[in-house]
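S.K.: Structure incoming, see below.
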Amino acid sequence: MTLLRRRGPARSTAAPAPGLGGAGRDGRWLRGLRAGRRWAAWGAVLGVAAGLVSQAPAQWLADGLQSATGGRLLLAEARGSLWDGSALLVLTGGAGSRDAAVLPGRLQWQLRPAAGGLRLRAEQACCLPGGLHLTLRPGLGGLRLALDDAAPAGAGAAPRLLGQWPASWLAGLGTPWNTLQLGGQLQLSSSGFALQSAAGRWQLAGDLQLQLRSASSRLSSLPALGSYGLLLQGGGRADEPVTLRLSSSEGPLRLQGEGQWTGARLRFRGTAQADAGQDAALANLLNIIGRRQGALSVISIG
């Protein structure tokens with residue numbers, strides 16, 4: 363006689379249905395893994411970018427300056443990095459020009475992060491006594507370049523020397539400077555200034571004073587022509603043009619004039635005139651400077 367045994371319910375070997383605890387834990391683990399990989403990839407990209415910036419070559423700065431000045435101011439033979447570099451400072455007549463003039467010695471610079479921007483220190487034995495200190499900060503739609511410790515515009519601070527260069531350096535710009543072949547010394551001073559770029563235009567707040575001391579020219583037989591000053595004064599507002607004032611302090615050649623610069627256009631009107639008895643010695647120079655009207659040479663730009 364065969365005995366029949368009762369069996370319990372059959373056990374299922376199928377995988378848990380979706381939505382049950384095990385599958386939910388696996389899904390969260392996979393999502394976390396993918397997120398971790400994304401963060402790792404972004405971290406790698408940022409690390410490479412930081413490395414590239416920290417090792418950026420000095421040529422990057424040279425290329426930027428060439429582009430910003432239309433090829434008229436160059437950093438030639440740039441060495442080092444964007445942050446610590448040196449180069450030869452060259453003036454040229456721009457694209458296609460064969461004129462060029464280089465300053466003696468190398469310009470050296472250091473660029474460091476600062477609050478909200480960058481701090482630039484430039485040194486050159488011939489031309490930057492004490493070094494030049496500037497700050498560069500991004501702004502709304504542009505950049506702001508200012509003296510690192512400049513007094514506010516209108517504060518009445520005494521102008522201080524920023525740099526000095528041989529006037530013969532201007533010959534690198536081409537006509538008419540290569541014809542004038544100026545001698546003497548250029549000096550740039552300021553009691554505080556800031557340059558702000560906006561919509562492709564530059565605005566000046568404060569003042570810049572450019573002086574030409576003990577000027578001479580190959581177009582005149584006189585050993586010295588005089589000393590001259592060009593003052594640029596700006597309020598910094600977009601609707602306020604920069605005013606220019608040209609004056610003479612000494613010498614047989616008298617220059618004077620006034621103008622405005624809007625950041626996109628320069629307008630200037632002035633005159634040049636020889637002292638009594640010096641007309642013949644200065645005739646060639648007066649013909650080059652402007653349009654002759656009797657004893658005057660009229661300077662008109664814009």
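Numbered by our numbering, the letters in the sequence shown go through residues 363 to 664 in order. Built from N, CA and C at the ideal position, the CB exists for glycine as well. Treat the numbers as computed from the prediction; the structure is a model and nothing was measured.
#1: Helix, strand or coil: how does DSSP classify residue 658 here?
#2: List the DSSP bridge partners of residue 612.
#3: Decide if residue 663 is buried, meaning its Cβ has at least 16 other Cβ atoms within 10 Å, or exposed.
#4: Quick one: what does DSSP say residue 641 is sitting in, helix, strand or coil?
#5: Can you give the Cα-Cα distance for residue 623 and residue 556, rounded to whole angstroms?
#6: According to DSSP, residue 509 sits in a beta bridge with which residue or residues?
#7: My assumption, with CB atoms under 8 Å, is that residue 543 sits in contact with residue 579. Please give the rounded CB distance.
#8: State buried or exposed for residue 468, treating a residue as buried only when at least 16 other CB atoms are found within 10 Å of its CB.
#9: So is residue 372 buried or exposed if we call it buried at 16+ other beta carbons inside 10 Å?
#10: Let me check one thing: in DSSP terms, what residues is residue 446 bridge-paired to?
#11: When you compare the CB positions of residue 575 and residue 625, do they come within less than 8 Å of one another, or not?
#12: Closest by CA to residue 617, which one among 604, 637 and 628?
#13: If you run the structure through DSSP and keep just helix, strand and coil, what is residue 425?
#14: Pull the bridge partners of residue 454 from the DSSP assignment, please.
#15: Going by beta-carbon coordinates alone, are residue 452 and residue 430 separated by less than 8 Å?
#16: Grab the span of the beta strand (DSSP E) containing residue 628 for me, first residue to last.
#17: Using a Cβ-Cβ cutoff of less than 6 Å, which residues in the same chain neighbour residue 462 once the five nearest sequence positions on both sides are dropped?
#18: Pick from 479, 631, 630 and 487: whose alpha carbon is nearest that of residue 470?
#19: What number of angstroms, rounded off, separates the C-alpha of residue 566 from the C-alpha of residue 595?
#20: Using a Cβ-Cβ cut-off of 8 Å (strictly less than) and excluding sequence neighbours within five positions of residue 505, which residues of its own chain qualify?
#21: Counting C-beta neighbours from all protein chains within 10 Å, is the total for residue 639 16 or more, i.e. buried, or is it exposed?
M.R.: So, from the listed chains and residues:
#1: Position 296 of the sequence shown, counting from 1, holds the residue named residue 658. Strand.
#2: As a first step, residue 612 must be located in the sequence shown, where it is residue number 250. Paired residues: 589.
#3: The sequence position of residue 663 within the sequence shown is 301, counting from 1. Burial call: exposed.
#4: Locating residue 641 in the sequence shown gives position 279, counting from the first residue. It is helical.
#5: Here the question's residue 623 lines up with position 261 in the sequence shown. Here the question's residue 556 lines up with position 194 in the sequence shown. Taking the straight line from one Cα to the other gives about 15 Å.
#6: Here the question's residue 509 lines up with position 147 in the sequence shown. Beta-bridge pairing links residue 509 to 496.
#7: Translated into positions along the sequence shown, residue 543 becomes position 181. Translated into positions along the sequence shown, residue 579 becomes position 217. With 8 Å as the limit, residue 543 and residue 579 qualify as a contact, their Cβ atoms being about 6 Å apart.
#8: By one-based count along the sequence shown, residue 468 stands at place 106. Buried, because 16 or more other Cβ atoms sit within 10 Å of the Cβ of residue 468.
#9: Looking up residue 372 in the sequence shown gives position 10. Because residue 372 carries a pLDDT of 47, less than 50, the predicted location of this residue cannot be relied on, and the following value inherits that uncertainty. Answer is exposed; the Cβ neighbour count stays below 16.
#10: For the purposes of this step, residue 446 is taken as the residue at position 84 of the sequence shown. Its beta-bridge partners are 472.
#11: Counting from one through the sequence shown, the residue named residue 575 turns up at place 213. Counting from one through the sequence shown, the residue named residue 625 turns up at place 263. Taking 8 Å as the Cβ cut-off, residue 575 and residue 625 do not qualify as a contacting pair.
#12: Indexing the sequence shown from 1 puts residue 617 at position 255. Residue 617 has its Cα closest to that of 637, out of 604, 637 and 628.
#13: Locating residue 425 in the sequence shown gives position 63, counting from the first residue. Here residue 425 sits in helix by DSSP.
#14: For the purposes of this step, residue 454 is identified with residue 92 of the sequence shown, where counting begins at 1. In DSSP, residue 454 forms a bridge with 462.
#15: Your numbering for residue 452 matches position 90 in the sequence shown. Your numbering for residue 430 matches position 68 in the sequence shown. Not closer than 8 Å, so no.
#16: Along the sequence shown, one-based indexing puts residue 628 at 266. Looking at the DSSP string, the run of the beta strand (DSSP E) that includes residue 628 is 628 to 636.
#17: Residue numbering aside, residue 462 sits at position 100 when the sequence shown is read from its first letter. Cβ within range, chain order: 452, 454 and 534.
#18: Taking the first residue of the sequence shown as 1, we reach residue 470 at position 108. Checked all of 479, 631, 630 and 487; the closest Cα to residue 470 is 487.
#19: Here residue 566 refers to the residue found at position 204 of the sequence shown. Here residue 595 refers to the residue found at position 233 of the sequence shown. Rounded to the nearest angstrom, the two C-alpha atoms are 7 Å apart.
#20: For the purposes of this step, residue 505 is taken as residue 143 along the sequence shown, with counting starting at 1. Excluding positions up to five away in sequence, the list reads 498, 499, 558 and 559.
#21: The count along the sequence shown starts at 1 and reaches residue 639 at position 277. Burial call: exposed.
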